[in-house]
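Here my numbering = 1-based position in the sequence shown + 78.
Quick reminder that beta carbons are idealized off the backbone N, C-alpha and C, glycines included.
Predicted model, so just to flag it, every value in this text is computed and none were measured.
Worksheet: one structure, shown below.
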Amino acid sequence: MNVPSLKITGKLILTRLATLNSRLAFYISRLATHDSRLPFHISRLFLILLLNITNLFSQPSIGGRNAFSFLNVPVSPRNTALGSHAIAWMATDAAVCLFNPALINEKLNYNLGFNHLNYFDGINFGNFNYTHKPILNGIQIQTGVQYFNTNTFDVTNEYGQVVGSTKASESNIYLGASKRLNERIQVGASFNFLFSRLGNLSSSGLGINAGVHYRIPSKNTEMSFVIRNAGFQFSPYQNTRERLPFTSELGIAKKLKHLPFVFHITAHHLESWNIRYDDPTINAEADLLGNIKEKSGFSKFTDNFFRHLAFGGEMLIGKSESFSLRLGYNHLRRMEVNINDYSLFGGLSFGFGFKVYMFRFDYSYANYHLAGGTNTIGLSTNLNSFKKQKS
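Below is the structure:
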């Protein structure tokens, strides 16, 4: 890109950002004053966020077309067990704040956590995080590191001959903050400083996550809208700059009135409607006589619609909710790794969490394929509890 075109692009981005900021300021101010048209303003706020940020940064992030794709791999055991997109309910899960910074809350004061995902074939993901108490003007901050690395693997030439070995690693050093505007609305944002080394190639970049959380206490209902990975590469691997894996989500969670059960429904990948991969072997079905029949347009529409949805349920046991059982289903994950006639339990996930003494332990298992699934563990504690113990 030459200098004149770069200047034009920069001016266009600044103009759009200025328009976005003015509109957001107006609607957030109306929300904060308990305007009688509250539901209308919330919907307008969500729509403005989606349209403007999507226009600036987005392109479909399905199929490995972006740099730093590790950012969309959930490292929270609780979130993974609930279908990998449980972004709406404000709980004591510090790791999910990486996906939705608006969920940083006072329940997480002085919380220190570690999460690790044991992926396939020696690939590892993880996260360290620390959440501080509210500081200036009620702003609460969280900082941490998200990482991805591999074992040593072979490097081959175009003929499949092994010519060496290498490793790959990526990391995200992030700083997030949230602020409660009133008893119902909380907003948050985080800056992600990205670093990647794939063999002898390296790259760096900056990503931004932002979220709006809205709760209805009388209905035990909470909602969130999130945009993630809006940003750019500082330095590309080679000559071409790649986009970050931008995505947007809208989630709702509700706790039942007479049962300590929370169910979650999240619509994800809102920036792109068609997220199906048109594999001819999947688009066709065979009847009892062996005749091949192409899937109907309605069947493809329904399949694509449900690929945008993730479902989860969480049973909270005990007065202080010290024990939790979780179950989730992710239709996109099921269909992406589907093998015809061999998709039993694909897309399902489950897990549990419990608190013992001053520590909380969480575990999840997500089924991906006939080859197996992934295990994620988490351990967290409140550092303030150690001070209370000493006193």
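Where the alpha helix (DSSP H) through Met413 begins and ends: Counting along the chain, the alpha helix (DSSP H) containing Met413 begins and ends at His409 to Glu414.
On the CB-based measure, 16 or more other CB atoms within 10 Å of its CB, does His291 come out buried or exposed? It is buried - the Cβ of His291 has at least 16 other Cβ atoms within 10 Å.
Does the beta-carbon of Tyr435 have 16 or more other beta-carbons within 10 angstroms, so that it is buried, or is it exposed? Exposed: under 16 other Cβ atoms inside 10 Å.
Residue burial classification, Val153 (beta-carbon count within 10 angstroms, cutoff 16): Val153 is buried by the Cβ-count criterion.
Taking C-beta to C-beta, are Asn307 and Thr325 nearer than 8 Å? A contact, by the Cβ cut-off of 8 Å.
Which word fits Tyr237, buried or exposed, when buried means at least 16 other C-beta atoms lie within 10 angstroms of its C-beta? By the 16-neighbour rule on beta-carbons within 10 angstroms, Tyr237 is exposed.
Please classify Phe428 as buried or exposed, where buried requires at least 16 other C-beta atoms within 10 Å of its C-beta. Buried, because 16 or more other Cβ atoms sit within 10 Å of the Cβ of Phe428.
Environment of Ile213 [buried if 16+ CB atoms lie within 10 Å]: A residue is called buried when at least 16 other Cβ atoms come within 10 angstroms of its Cβ; Ile213 does not meet this threshold and is exposed.
Sheet register partners of Lys397 (DSSP bridge): Partner(s): none; Lys397 has no beta bridge.
I'd like the span of the alpha helix (DSSP H) that includes Ser377, first residue to last. DSSP places Ser377 inside the alpha helix (DSSP H), whose first and last residues are Gly375 to Arg385.
Within 8 Å, strictly: CB atoms of Ser162 and Asn317: For Ser162 and Asn317, no; Cβs fall outside 8 Å.
Using a Cβ-Cβ cutoff of less than 7 Å, which residues in the same chain neighbour Asn235 once the five nearest sequence positions on both sides are dropped? Spatial neighbours of Asn235 in its own chain (CB-CB distance under 7 Å, excluding positions within 5 residues in sequence) are listed in chain order as Val241.
Contact defined as beta carbons within less than 8 Å: I believe Ala444 pairs with Ser302. What is the distance between those atoms, to the nearest angstrom? So it is not a contact: roughly 21 Å between Cβ atoms.
With C-beta atoms as the reference, is Tyr188 less than 8 Å away from Phe203? No.
Helix, strand or coil at Lys211 according to DSSP, with G and I counted as helix: It is coil, neither helix nor strand.
Residues that DSSP places opposite Phe430 in a beta bridge: DSSP links Phe430 through a beta bridge to Leu403 and Tyr441.
Are the CB atoms of Gly456 and Phe206 within a distance shorter than 8 Å? No; because the gap between Cβ atoms is not below 8 Å, this pair is not in contact.
Please classify Leu125 as buried or exposed, where buried requires at least 16 other C-beta atoms within 10 Å of its C-beta. Residue placement at Leu125 cannot be trusted, given a pLDDT of 48 that sits under 50; the coordinates are not used to answer.
Buried or exposed: which applies to Val233, given that a residue is buried once 16 or more other Cβ atoms fall within 10 Å of its Cβ? Around the C-beta of Val233, fewer than 16 other C-beta atoms lie within 10 Å, and the residue is accordingly described as exposed.
With which residues is Val223 paired in a DSSP beta bridge? As computed with DSSP, Val223 is found in a beta bridge with Phe206 and Ile251.
Using the Cβ count rule (16 or more neighbours within 10 Å means buried), how would you classify Ile263? Around the beta carbon of Ile263, 16 or more other beta carbons lie within 10 angstroms, which makes this residue buried.
For Pro295, which residues in the same chain have their Cβ closer than 8 Å to its Cβ, ignoring the five residues on either side in sequence? Glu261 and Arg262.
For Thr344, the residue or residues it bridges with in DSSP: Beta-bridge pairing links Thr344 to Gly329 and Ala388.
Leu160 versus Thr459: straight-line alpha-carbon distance, rounded: Cα-Cα distance, rounded: 22 Å.
Report all residues from its chain with a CB closer than 8 Å to the CB of Ala103; omit the five preceding and five following residues, and keep chain order. Any answer about Ala103 is weak, because its pLDDT of 46 lies below 50 and its placement is not dependable; what the coordinates show is given next. Taking Ala103 as the centre and dropping the five residues before and after it, the same chain places no C-beta closer than 8 Å to its C-beta.
Ala172 versus Lys373 - alpha carbon distance: Answer to the nearest angstrom: the Cα atoms are 43 Å apart.
Which residue marks the beginning of the alpha helix (DSSP H) containing Asn157, and which one marks its end? Per DSSP, the unbroken alpha helix (DSSP H) holding Asn157 starts and ends at Pro155 to Ala159.
Distance between Ile343 and Arg275 (C-alpha atoms, nearest Å): Roughly 36 Å separates the two Cα atoms.
Short Cβ contact (8 Å threshold) for Gln220 with Ile165: Ile165 is positioned such that its CB atom lies no closer than 8 Å to that of Gln220.
By the three-class DSSP mapping on this structure, what secondary structure does Ser296 have? DSSP places Ser296 within a helical segment (H, G or I) once states are collapsed to three.
How many angstroms separate the CA atom of Ile217 from the CA atom of Ser243? For Ile217 and Ser243, the gap between their C-alpha atoms comes out near 47 Å.
Taking 7 Å as the line, does the beta carbon of Thr234 fall inside it for any heavy atom of the ligand FAD? For the structure depicted, the ligand FAD is absent and the ligand set is empty, with no information on it obtainable.
With DSSP run on the structure shown, which of helix, strand or coil describes Ser256? Correct three-state label for Ser256: strand.
So what does DSSP say about Gly216, is it helix, strand or coil? Assignment of Gly216 by DSSP, reduced to helix, strand and coil, places it in the helix class.
Where Ala345 and Gly329 are concerned, what is the direct C-alpha to C-alpha distance, given to the nearest angstrom? Annotation: Ala345 to Gly329 spans about 6 Å, alpha carbon to alpha carbon.
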